[in-house]
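Protein chains in written order, with my numbering: chain A, 1455 to 1692; chain B, 1455 to 1692. C-beta atoms are modelled at their ideal positions from N, C-alpha and C, and glycine is treated no differently. Note that the structure is a prediction, hence the values are computed from the model and not measured.
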DNA sequence: CGGTTGATTGAGTTCGGTCAAATAAAGTGG
DNA sequence: CCACTTTATTTGACCGAACTCAATCAACCG
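In structure tokens, the structure reads:
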């Protein structure tokens, strides 16, 4: 499988050979993080993180102890691009499954952006795409829980297809129901019931860490999902 | 008052004189949009929009007819930076109060980004800051309604202070309760009750289109608001 | 001064939350 | 390979925040 970040960036526009190999050098030093451990906490702002395998989650812990996951990070996703002031407790980044991560010095990335116009353009596109995605999650939050969950699954399908980690209608999803609940902003008890609902309607099959969507069209209609906001060729083709 | 976009961008890093004046030329052709009218709909992707006065909202309409506002656009905010595929019904942009807007050809902006490194850097920062903000809204969505509303008010205070449209503890807020409800993702009836609660606790005073926060510290604590995510000097100073 | 829009209140309902317990599954050490 | 612990999923009963429907009241406006 080719490099997931490059694969993803090339969905916006082609990169030169020099740009591709420059990006590849970023990810030489990999690190392994086991499930339920943080990849990054807030005090270290001089690096960004690239997930190269597994699924991670950007999250914040609320006062009462509950956790809200605001986005998933799948292979090819850069995290903590935004350097918030050092004083702040920023969002955290935690591994939901066992992950492999590359630590990238922020200065090194900045350098690539300065010297390679194609990378600069791709990073601009990436940030705006993530923004689009975050806003879609916001819209999603005002849908009923079953449609919301369906929407999340449908989005994950596209995002994993982009980096070659999903086939037509299924992908590996080794996270717990609790993680899913925190990403949807509902309780663990309730997500279980919602899952049962989707299973009963044959909208999804989820067993042995593999999620299958028997009829993608039907799930998509149910979820009110419009792939357009992702601005990916894979999505447009679909 | 100096140009709001420049004012905002300079919160990340200084711009050269050439860059400032290049940005100024972008906003020569203003347009007036009255409250409750769309500034942009989805089919026109060759321009971006700069709000120069008033408050607008980025929103999407759900199937059942309800509307979800995913962010406010205040003076100095650029909108529709992301060109989604032409096929998609993207987010819409509507004026909540009477607005003045500058239409900026996307190509013109791209040109500035190519030629002025400082503008390129500032735009990168801007996109990441908006992303940070969108994710903060997401976190906010899992708080109880009263805290959520308090958080929105606190955020608006900072964002308006940045462009010189708010003083220490108050600003003009001429939107309707219905708009606020759609931004918070709750019903019109409920926002009314929540507002009454905040008023009863002297956390806010909202009359004659002016919103005042008698005790900013107290509201902030109540909301669980941490200004750090905005990465603005104004916020850091506070 | 009627007419339209926005704010407020009341009553009843529902979706999703909490608490608590019961299974089921997955490790772990002997 | 089996007892034992831990973690994840599932179920039941009850509760509460927020929604809907519907009506009233207040403002604004030509």
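How is the alpha helix (DSSP H) around residue i delimited, first residue to last?
{"i": "residue 1679 (chain B)", "result": "Looking at the DSSP string, residue 1679 (chain B) is not in any alpha helix (DSSP H), and its letter there is neither H nor E."}
{"i": "residue 1458 (chain B)", "result": "1458–1463"}
{"i": "residue 1567 (chain B)", "result": "1560–1569"}
{"i": "residue 1472 (chain A)", "result": "1471–1479"}
Just tell me which of the options has its CA closest to the CA of residue i.
{"i": "residue 1435 (chain A)", "options": "A:1520, A:1524, A:1584, A:1599", "result": "This structure gives no information on residue 1435 (chain A), because the portion of chain A shown stretches from 1455 to 1692."}
{"i": "residue 1673 (chain B)", "options": "B:1493, B:1624, B:1564, B:1647", "result": "B:1624"}
{"i": "residue 1511 (chain B)", "options": "B:1547, B:1646, B:1564, B:1520", "result": "B:1547"}
{"i": "residue 1465 (chain B)", "options": "B:1563, B:1579, B:1487, B:1534", "result": "B:1579"}
{"i": "residue 1513 (chain B)", "options": "B:1470, B:1682, B:1637", "result": "B:1637"}
{"i": "residue 1649 (chain A)", "options": "A:1685, A:1626, A:1602, A:1669", "result": "A:1602"}
{"i": "residue 1487 (chain A)", "options": "A:1566, A:1588, A:1552", "result": "A:1552"}
{"i": "residue 1485 (chain A)", "options": "A:1508, A:1468, A:1463, A:1499", "result": "A:1508"}
{"i": "residue 1633 (chain A)", "options": "A:1459, A:1491, A:1458, A:1460", "result": "A:1491"}
{"i": "residue 1544 (chain A)", "options": "A:1589, A:1498, A:1563, A:1571", "result": "A:1498"}
{"i": "residue 1615 (chain A)", "options": "A:1684, A:1532, A:1537", "result": "A:1684"}
{"i": "residue 1686 (chain B)", "options": "B:1462, B:1594, B:1562", "result": "B:1462"}
{"i": "residue 1639 (chain B)", "options": "A:1628, A:1671, A:1595", "result": "A:1595"}
{"i": "residue 1571 (chain A)", "options": "A:1681, A:1467, A:1457", "result": "A:1467"}
{"i": "residue 1671 (chain A)", "options": "A:1660, A:1635, A:1568, A:1605", "result": "A:1605"}
{"i": "residue 1536 (chain A)", "options": "B:1469, B:1592, B:1581", "result": "B:1581"}
{"i": "residue 1493 (chain B)", "options": "B:1472, B:1474, B:1483, B:1533", "result": "B:1533"}
{"i": "residue 1621 (chain A)", "options": "A:1597, A:1665, A:1593", "result": "A:1665"}
{"i": "residue 1567 (chain B)", "options": "B:1680, B:1458, B:1474", "result": "B:1474"}
Taking the beta strand (DSSP E) that residue i belongs to, which residues open and close that run?
{"i": "residue 1506 (chain B)", "result": "1501–1507"}
{"i": "residue 1620 (chain B)", "result": "First-last for residue 1620 (chain B): undefined, no H or E at that position."}
{"i": "residue 1641 (chain B)", "result": "Segment: none, residue 1641 (chain B) is in no beta strand (DSSP E) and carries neither H nor E."}
{"i": "residue 1486 (chain A)", "result": "1484–1487"}
{"i": "residue 1527 (chain A)", "result": "1521–1527"}
{"i": "residue 1494 (chain B)", "result": "1492–1494"}
{"i": "residue 1597 (chain A)", "result": "Residue 1597 (chain A) -> no beta strand (DSSP E), and no H or E assigned at all."}
{"i": "residue 1547 (chain A)", "result": "1546–1549"}
List, in order along the chain, the chain A residues whose C-beta lies closer than 8 Å to that of residue i?
{"i": "residue 1584 (chain B)", "result": "1585"}
What does residue i reach in chain A if we use C-beta pairs closer than 7 Å?
{"i": "residue 1593 (chain B)", "result": "1514, 1522, 1524"}
{"i": "residue 1544 (chain B)", "result": "1682, 1683"}
{"i": "residue 1639 (chain B)", "result": "1595, 1596"}
{"i": "residue 1588 (chain B)", "result": "1585, 1588, 1589, 1592"}
Give the residues of chain B in contact with residue i, contact being defined as C-beta atoms less than 8 Å apart.
{"i": "residue 1412 (chain A)", "result": "Any answer about residue 1412 (chain A) is impossible in this case: the structure gives chain A only from 1455 up to 1692."}
{"i": "residue 1678 (chain A)", "result": "1516, 1517"}
{"i": "residue 1581 (chain A)", "result": "1578, 1581, 1582, 1585"}
{"i": "residue 1501 (chain A)", "result": "The premise fails here: residue 1501 (chain A) is roughly 15 Å from chain B at the closest Cβ pair, so nothing lies under 8 Å."}
{"i": "residue 1653 (chain A)", "result": "The premise fails here: residue 1653 (chain A) is roughly 23 Å from chain B at the closest Cβ pair, so nothing lies under 8 Å."}
{"i": "residue 1604 (chain A)", "result": "Within 8 Å Cβ-Cβ: nothing; residue 1604 (chain A) doesn't reach chain B, min ~13 Å."}
Give me the chain B residues within the contact set of residue i, using Cβ-Cβ distance strictly less than 9 Å, ordered along the chain.
{"i": "residue 1560 (chain A)", "result": "Near residue 1560 (chain A) there are no residues of chain B at all, since even the closest Cβ is about 12 Å away, more than 9 Å."}
{"i": "residue 1484 (chain A)", "result": "Near residue 1484 (chain A) there are no residues of chain B at all, since even the closest Cβ is about 25 Å away, more than 9 Å."}
{"i": "residue 1406 (chain A)", "result": "No statement about residue 1406 (chain A) is possible, as the shown extent of chain A runs from 1455 to 1692 and does not include it."}
Name, in chain order, the residues that DSSP records as bridge partners for residue i.
{"i": "residue 1554 (chain B)", "result": "B:1486, B:1507"}
{"i": "residue 1515 (chain B)", "result": "B:1521"}
{"i": "residue 1661 (chain A)", "result": "A:1664"}
{"i": "residue 1533 (chain A)", "result": "A:1503"}
{"i": "residue 1580 (chain A)", "result": "For residue 1580 (chain A), which the question treats as bridged, DSSP gives no partner whatsoever."}
{"i": "residue 1626 (chain A)", "result": "A:1664"}
If the cut is a Cβ gap below 9 Å, which residues of chain A does residue i touch?
{"i": "residue 1635 (chain B)", "result": "The premise fails here: residue 1635 (chain B) is roughly 11 Å from chain A at the closest Cβ pair, so nothing lies under 9 Å."}
Task: Stretch pair the region 1516–1528 of chain A + the region 1476–1488 of chain A: three plus CB contacts closer than 8 Å - done: Here the region 1516–1528 of chain A makes no contact with the region 1476–1488 of chain A; the two share fewer than three CB pairs at distances below 8 Å.
Problem - Three CB pairs or more closer than 8 Å across the region 1513–1520 of chain A and the region 1654–1666 of chain B - result: No, the region 1513–1520 of chain A is not in contact with the region 1654–1666 of chain B.
Q. Does the count of Cβ pairs from the region 1564–1582 of chain B and the region 1602–1614 of chain B closer than 8 Å reach three?
A. When C-beta atoms of the region 1564–1582 of chain B are compared with those of the region 1602–1614 of chain B, fewer than three pairs fall below 8 Å, so the two segments do not count as touching.
Pairing CB atoms from the region 1555–1574 of chain A with CB atoms from the region 1486–1505 of chain A, are three or more of them under 8 Å? In this structure the region 1555–1574 of chain A touches the region 1486–1505 of chain A; the number of beta carbon pairs closer than 8 Å is three or more.
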